[in-house]
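A.B. asks:
Here is the structure:
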């Protein structure tokens, strides 16, 4: 039994440095992305993460055109593009009658079109594939440092803005009435979203990094009944999906990014049935009600 | 404490509050009364700071904007979030605790006492999604108790609330009056206004009458309010009071 476990679960990490790096990258990504995703879900912005992941593309492409396959250049470009889209969408929401989700849709589509033009105008398809799907098994020191830094910044920032951010998700009118500067926290939070997507794209690609952000967060609601519990659950699910996805990709020789997201997705499907907070099975086996 | 100077607030150039001037009596309860579309909620939101006036201003002396407690008409509270009743009530400590400030034992006691006052102590740990609308209104009143604000704005606080709950919540309004707080409430029930609110602002975009409730809620003034409302027109000319713009 222990032999079996060792061979299937531990050996790949013990024997190969690239697997260890990938594992560290996944755990750090989980630490930063999961709470950000959870706040996206609680603020009813689940699809905004998706929109932002597309918005990052042209910036990364510009970085690629200028500096080649350089992580700092592509990350910086992606970050700038993401911030621009978030900023324009925020301004449009604030000063017109367009709702936030519609603004984000409009600006990310614009951004995506520019991105695809830039990529198709220059590089080969291999580059585009790399940009879209990443390669967690090729994470180098620089990428690891970026992912770890972003996770640290995310956790520290969330610790500072946790109270107003939660209150703004729960009751925006109240926060405004008591002079709580709702939009400041919102903007800071959007910055965190962009940062985490950028940190994820080397490992998982622009399209897949949003998966590690959203799927565990959505899942967590089915497992925990408090915000603290959900934060913990989201991280654990993301970490498990990361580790399991790496092992899966190692053993069956499939691309690692989609494997990770696939596992997170499968976990969601299973949760829908068995999870204690609103899963289907617990509902069928419902306990008898109490005295009035 | 609160004075309105020639206040005009409009939506797409159509005024909802039109050249309103006057003062709210300090430490007293004032009802804002009038037909639908009279600008009552708009006025409250402007005092609260959520809407910007087109012209004129709201002067607040001796009270900062953050010293007011505001109960919106339709709360935008997302009740699907996993937040307990006691946590929501405790958010009333925000003005004192802010970003980092500790919510200490005294504050916890205050939250608990507020829940006891509104009769929901047994619901403290339940999620807010499990409450009825009347119970939820009690929770929001408990938060106002926790906020301990000298100025309290209530926008149609008794909508969709049964008679028992309304009576209980009106007792809280009486208590705030006794404590010398200024209460301003948008109401639709004339009886409630006469019984619990010594001052009334009767408006139909403009001020129809403002003063002692008994002198404001007379048959001819109420008729004037509804007549004014009946004559609102979709293609009104540019307001003359401001002068014709070039």
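Chains as they are written, first to last, in full-length UniProt numbering: chain A, 1 to 292; chain B, 1 to 246. Backbone N, C-alpha and C define an ideal beta-carbon position, used for all residues, glycine too.
Residues of chain A with CB closer than 8 angstroms to the CB of residue 50 of chain B, please, in chain order.
C.D. replies: Residues of chain A passing the Cβ test: 173, 176 and 177.
A.B. asks: Check residue 22 of chain B in the structure and name its three-state DSSP category.
C.D. replies: DSSP places residue 22 of chain B in strand when its eight states are reduced to three.
A.B. asks: Which residue's Cα is closest to the Cα of residue 206 of chain B: B/40, B/28 and B/24?
C.D. replies: It is B/40 whose Cα lies nearest to the Cα of residue 206 of chain B.
A.B. asks: Who are residue 70 of chain B's beta bridge partners in DSSP?
C.D. replies: BP columns for residue 70 of chain B point to B/153.
A.B. asks: Does DSSP put residue 182 of chain B in a helix, in a strand, or in coil?
C.D. replies: Of the three classes helix, strand and coil, the one that applies to residue 182 of chain B here is strand, per DSSP.
A.B. asks: Please confirm if residue 144 of chain A has its CB atom under 8 angstroms from at least one CB of chain B.
C.D. replies: No, its Cβ sits nowhere closer than 8 angstroms to a Cβ of chain B.
A.B. asks: Between residue 208 of chain B and chain A, is the shortest Cβ-Cβ distance under 8 angstroms, so that the two count as touching?
C.D. replies: Answer no: the Cβ-Cβ gap between residue 208 of chain B and chain A never drops below 8 angstroms.
A.B. asks: Output needed for residue 204 of chain B: all residues of its chain with C-beta closer than 7 angstroms, excluding positions within five of it in sequence on either side, in chain order.
C.D. replies: So the qualifying residues of the chain are 34, 35, 38, 225, 228 and 229.
A.B. asks: For residue 70 of chain A and chain B, any beta-carbon pair shorter than 8 angstroms?
C.D. replies: For residue 70 of chain A, the answer is no, since every Cβ of chain B falls outside 8 angstroms of its Cβ.
A.B. asks: Kindly provide the ranges of any alpha helix (DSSP H) runs that are 4 or more residues long and lie completely inside the segment 153-238 of chain A, ordered along the chain.
C.D. replies: You should have 172-177 and 182-220.
A.B. asks: Express the C-alpha separation of residue 247 of chain A and residue 115 of chain B in angstroms, rounding to a whole number.
C.D. replies: Distance between the alpha carbons of residue 115 of chain B and residue 247 of chain A: 51 angstroms.
A.B. asks: Evaluate residue 158 of chain B with the Cβ neighbour count: other Cβ atoms within 10 Å of its Cβ, from every protein chain shown; 16 or more gives buried, anything less gives exposed.
C.D. replies: It counts as buried.
A.B. asks: Is DSSP giving residue 284 of chain A helix, strand or coil here?
C.D. replies: Note: residue 284 of chain A maps to helix in three-state DSSP.
A.B. asks: Relative to the C-alpha of residue 53 of chain B, which residue among B/124, B/20 and B/133 is closest?
C.D. replies: Looking at the Cα atoms, B/20 is the closest of the given residues.
A.B. asks: Could you tell me the boundaries of the alpha helix (DSSP H) in which residue 47 of chain A lies?
C.D. replies: Element bounds for residue 47 of chain A: 46-55.
A.B. asks: What's the C-alpha gap between residue 250 of chain B and residue 199 of chain A?
C.D. replies: Only positions 1 to 246 of chain B appear in this structure, which leaves residue 250 of chain B out of reach.
A.B. asks: State yes or no: is the C-beta of residue 82 of chain A within less than 8 angstroms of the C-beta of residue 194 of chain A?
C.D. replies: Their beta carbons are under 8 angstroms apart, which means residue 82 of chain A touches residue 194 of chain A by this criterion.
A.B. asks: Tell whether a beta-carbon distance below 8 angstroms holds between residue 44 of chain B and residue 153 of chain B.
C.D. replies: Yes; because the gap between Cβ atoms is below 8 angstroms, this pair is in contact.
A.B. asks: Just the chain B side, please: which residues come within less than 7 angstroms of residue 91 of chain A by C-beta, in chain order?
C.D. replies: Simply none; closest approach about 17 angstroms.
A.B. asks: With 16 as the cutoff for other CB atoms within 10 Å, does residue 246 of chain B come out buried or exposed?
C.D. replies: The pLDDT assigned to residue 246 of chain B is 36, lower than 50, so where the model puts this residue is not dependable; a value taken from the coordinates is nonetheless given after this. Classification for residue 246 of chain B: exposed.
A.B. asks: Among the residues of its own chain, which have a CB less than 6 angstroms from the CB of residue 238 of chain A, if the five just before and after it don't count?
C.D. replies: 30, 34, 212 and 216.
A.B. asks: Can you list the residues of chain B that residue 301 of chain A reaches, using a CB-CB cut of under 8 angstroms?
C.D. replies: A query on residue 301 of chain A cannot be resolved here, the shown segment of chain A reaching from 1 to 292 and no further.
A.B. asks: Compute the beta-carbon to beta-carbon distance between residue 28 of chain A and residue 136 of chain A, rounded to the nearest angstrom, for a pair I have assumed lies under 8 angstroms.
C.D. replies: So it is not a contact: roughly 11 angstroms between Cβ atoms.
A.B. asks: Thinking C-beta only, is residue 146 of chain B closer than 8 angstroms to residue 92 of chain B?
C.D. replies: Going by C-beta atoms, residue 92 of chain B is nearer than 8 angstroms to residue 146 of chain B.
A.B. asks: In the DSSP assignment, what residue or residues form a beta bridge with residue 55 of chain B?
C.D. replies: Beta-bridge pairing links residue 55 of chain B to B/8.
A.B. asks: Where residue 21 of chain A and residue 139 of chain A are concerned, what is the direct C-alpha to C-alpha distance, given to the nearest angstrom?
C.D. replies: Taking the straight line joining both Cα atoms gives about 7 angstroms.
A.B. asks: Determine the DSSP secondary structure at residue 84 of chain B, reduced to helix, strand or coil.
C.D. replies: Note: residue 84 of chain B maps to strand in three-state DSSP.
A.B. asks: Can a CB atom of chain B be found closer than 8 angstroms to the CB of residue 94 of chain A?
C.D. replies: By this cut-off, residue 94 of chain A is not an interface position.
A.B. asks: Can you name the residues of chain B whose CB is closer than 7 angstroms to the CB of residue 42 of chain A?
C.D. replies: Neighbours of residue 42 of chain A on chain B, chain order: 81.
A.B. asks: Which of helix, strand or coil does DSSP assign to residue 232 of chain B?
C.D. replies: Looking at residue 232 of chain B - three-state DSSP - the assignment turns out to be coil, as it is neither helix nor strand.
A.B. asks: Is the Cβ of residue 77 of chain B closer than 8 angstroms to any Cβ of chain A?
C.D. replies: So, interface residue.
A.B. asks: By DSSP, does residue 205 of chain B sit in helix, in strand, or in coil?
C.D. replies: DSSP places residue 205 of chain B in coil when its eight states are reduced to three.
A.B. asks: Since I believe residue 1 of chain B is in contact with residue 182 of chain B (beta carbons under 8 angstroms), could you give me their beta-carbon distance rounded to a whole number of angstroms?
C.D. replies: Yes, they are in contact, since the Cβ atoms of residue 182 of chain B and residue 1 of chain B sit about 6 angstroms apart, within 8 angstroms.
A.B. asks: Output yes if chain B places a C-beta closer than 8 angstroms to the C-beta of residue 214 of chain A; else output no.
C.D. replies: No, no contact with chain B.
A.B. asks: Is the separation between the beta-carbon of residue 85 of chain A and that of residue 111 of chain A shorter than 8 angstroms?
C.D. replies: Contact: yes.
A.B. asks: For chain B, find out if any of its Cβ atoms is closer than 8 angstroms to the Cβ of residue 35 of chain A; answer yes or no.
C.D. replies: No, no contact with chain B.
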